[in-house]
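Here is the structure we will look at.
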Ligand SMILES: [Zn+2]
Ligand SMILES: [Zn+2]
């Protein structure tokens, strides 16, 4: 079942773990990276015009996202001409709203997600106090698989009953995070999340990122992987709140994934096209951001990611001198 199911339905959409379901497209075998900007004289836009540290989108394996779905891609000019959601004087802040119970370890993860989101989007992020999971018999169901039995919650319950009524006035977006497993409707086994761009709310489950869900043991390695998966999901889904569509050009955090395995193969960074979209939208300093991302990754033992950020940052610095 899709990791990233971003249903853009008539209502401006959404179910995300992510697929973009409308539109036709040539897509994966004809990447259009045409609008990487040319370098300016002093190299200031090197971060967006040089793609030497990025891997072009690989040919999808059977069952991968781009094997299953034709996607149109979205160039920078298509994005900037699409009147995307933008933070403004009134809507300044990304709110994270924990819903339900969290263990101490999971609370620590939430703080890290707050920090990562702050760095990734270079915007104010507020982690709100957890709210109780309201009783909702009509919005839940029980699943069984082998000896395992667990309760799933329907995503529209979180969006319509919990988040929309409490949307803070200054919210750019309001994102619910739960350890409960989610489903969008009875046709689906599960989803990792769903969002409504129009209402600027979304809900994401972290349940399946933890070994307990799969009956496996908690280890140092599994904790690092849980953090990586949670960070990846949160920034991918938040990227959709900026109206960024799935990337088809490079191996990129904004590319769709059809399984956990595929998501784990994606990098934690954006490609130059998606980076440019976000930078155009929020106006951050790309290298300062890489510096902070490297520190976060290094502090949290995401060494491969930290090494990439460092390499990229150093290349940009030397190009701009
Ligand atoms: Zn998505
Ligand atoms: Zn991209």
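In my numbering, the protein residues as written are 205 to 525. In this text, a Cβ means the ideal position worked out from N, Cα and C, and glycines have one as well. None of these values were measured; they are calculated from a predicted model.
*In chain order, what residues have a CB nearer than 7 Å to some heavy atom of ligand 2?*
Taken from the N-terminal end onward, the list reads 451, 453, 454, 456, 458, 459, 474, 475, 477 and 478.
*Is residue 440 near ligand 1, judged by its Cβ being under 7 Å from some heavy atom?*
If you number the chain shown from 1, residue 440 lands on position 236. Yes, ligand 1 has a heavy atom inside 7 Å of this Cβ.
*Taking only the alpha-carbon atoms, compute the straight-line gap between residue 514 and residue 401 and give it to the nearest angstrom.*
Translated into the one-based positions of the chain shown, residue 514 becomes position 310. Translated into the one-based positions of the chain shown, residue 401 becomes position 197. Those two C-alpha atoms are separated by around 33 Å.
*Between residue 521 and the rest of its own chain, which residues show a CB-CB distance below 8 Å, the 5 nearest in sequence each way excluded?*
On the chain shown, residue 521 is found 317 positions in, with the first residue counted as 1. Cβ within range, chain order: 491.
*Quick one: using the 10 Å Cβ neighbour count with 16 as the cut-off for buried, is residue 404 buried or exposed?*
Here residue 404 is taken as the residue at index 200 of the chain shown, counted from 1. The residue is buried, with at least 16 neighbouring Cβ atoms inside 10 Å.
*Is the segment 304–311 close to the segment 325–345, with three or more CB pairs under 8 Å?*
The segment 304–311 vs the segment 325–345: in contact.
*asked:* Count Cβ pairs between the segment 438–456 and the segment 472–491 that sit closer than 8 Å; are there 3 or more?
replied: Three or more beta-carbon pairs separated by less than 8 Å link the segment 438–456 to the segment 472–491, which places the two stretches in contact.
*Sort 509, 366 and 393 by Cα distance to residue 428 and report the nearest one.*
By one-based count along the chain shown, residue 428 stands at place 224. The residue from 509, 366 and 393 with its alpha-carbon nearest to that of residue 428 is 509.
*Below 8 Å between beta carbons: does that hold for residue 379 and residue 357?*
Numbered from its first residue, the chain shown carries residue 379 at position 175. Numbered from its first residue, the chain shown carries residue 357 at position 153. Taking 8 Å as the Cβ cut-off, residue 379 and residue 357 do not qualify as a contacting pair.
*Check the DSSP bridge columns for residue 406 and list the partner residues they point to.*
Residue numbering aside, residue 406 sits at position 202 when the chain shown is read from its first letter. Partner(s): 379 and 399.
*For residue 354, count neighbouring Cβ atoms within 10 angstroms of its own Cβ and tell me buried if that reaches 16, exposed if not.*
Looking up residue 354 in the chain shown gives position 150. Counting every other CB atom within 10 Å of its CB across the protein chains shown gives residue 354 a total below 16, marking it as exposed.
_Classify residue 266: buried if its beta carbon has 16 or more other beta carbons within 10 angstroms, exposed otherwise._
Here residue 266 is taken as the residue at index 62 of the chain shown, counted from 1. Residue 266 counts as exposed, since fewer than 16 other C-beta atoms from the protein chains shown sit within 10 angstroms of its C-beta.
_With three or more beta-carbon pairs closer than 8 Å as the criterion, would you say the segment 483–499 touches the segment 416–426?_
Here the segment 483–499 does not lie against the segment 416–426, with fewer than 3 beta-carbon pairs under 8 Å apart.
*Please confirm whether residue 370 and residue 445 have their CB atoms less than 8 Å apart.*
Translated into the one-based positions of the chain shown, residue 370 becomes position 166. Translated into the one-based positions of the chain shown, residue 445 becomes position 241. Against a cut-off of 8 Å, the Cβ pair of residue 445 and residue 370 comes out as no contact.
_Looking only at its chain, what residues have a beta carbon closer than 6 Å to the beta carbon of residue 230, apart from the 5 residues adjacent to it on each side?_
For the purposes of this step, residue 230 is identified with residue 26 of the chain shown, where counting begins at 1. Confidence is the limiting factor: at residue 230 the pLDDT is only 27, short of 50, which leaves the residue's position unreliable and the question unanswerable from this model.
*asked:* Considering only the alpha carbon of each residue, which of 516, 277, 504 and 287 lies closest to residue 473?
replied: Taking the first residue of the chain shown as position 1, residue 473 is located at position 269. Measuring from the Cα of residue 473, the nearest candidate turns out to be 516.
*If you drop the 5 nearest sequence neighbours on each side, which residues of the same chain put their C-beta closer than 6 Å to that of residue 345?*
Within the chain shown, numbered from 1, the residue matching residue 345 stands at position 141. Counting only residues of its own chain and dropping the five nearest sequence neighbours on each side, residue 345 has a CB closer than 6 Å to the CB of 356.
*Cβ atoms of residue 436 and residue 467: under 8 Å apart, would you say?*
Counted from its first residue, the chain shown places residue 467 at position 263. Counted from its first residue, the chain shown places residue 436 at position 232. Yes. Within cutoff.
*Cβ-based burial, residue 524 [other Cβ within 10 Å; buried from 16]*: For this step, residue 524 is matched to residue 320 along the chain shown. Exposed.
_If I measure Cβ to Cβ from residue 512 and keep anything under 6 Å in the same chain, skipping five residues before and after, which residues do I get?_
What you label residue 512 is simply residue 308 of the chain shown in a count that begins at 1. Cβ neighbours of residue 512 within its own chain (closer than 6 Å, five residues either side excluded): none.
*Apply the 10 Å Cβ neighbour rule to residue 251 and answer buried if 16 or more other Cβ atoms are within range, or exposed otherwise.*
Working through the chain shown from its first residue, we reach residue 251 at position 47. Classification of residue 251: buried, given that the 10 Å Cβ count is 16 or more.
*Taking the C-alpha atoms as reference points, what is the distance between residue 507 and residue 501?*
Here residue 507 refers to the residue found at position 303 when the chain shown is read from its first residue. Here residue 501 refers to the residue found at position 297 when the chain shown is read from its first residue. Between residue 507 and residue 501, the C-alpha separation is close to 6 Å.
*In the DSSP assignment, what are the bridge partners of residue 335?*
By 1-based counting over the chain shown, the position of residue 335 is 131. Looking at the DSSP assignment, residue 335 forms a beta bridge with 303.
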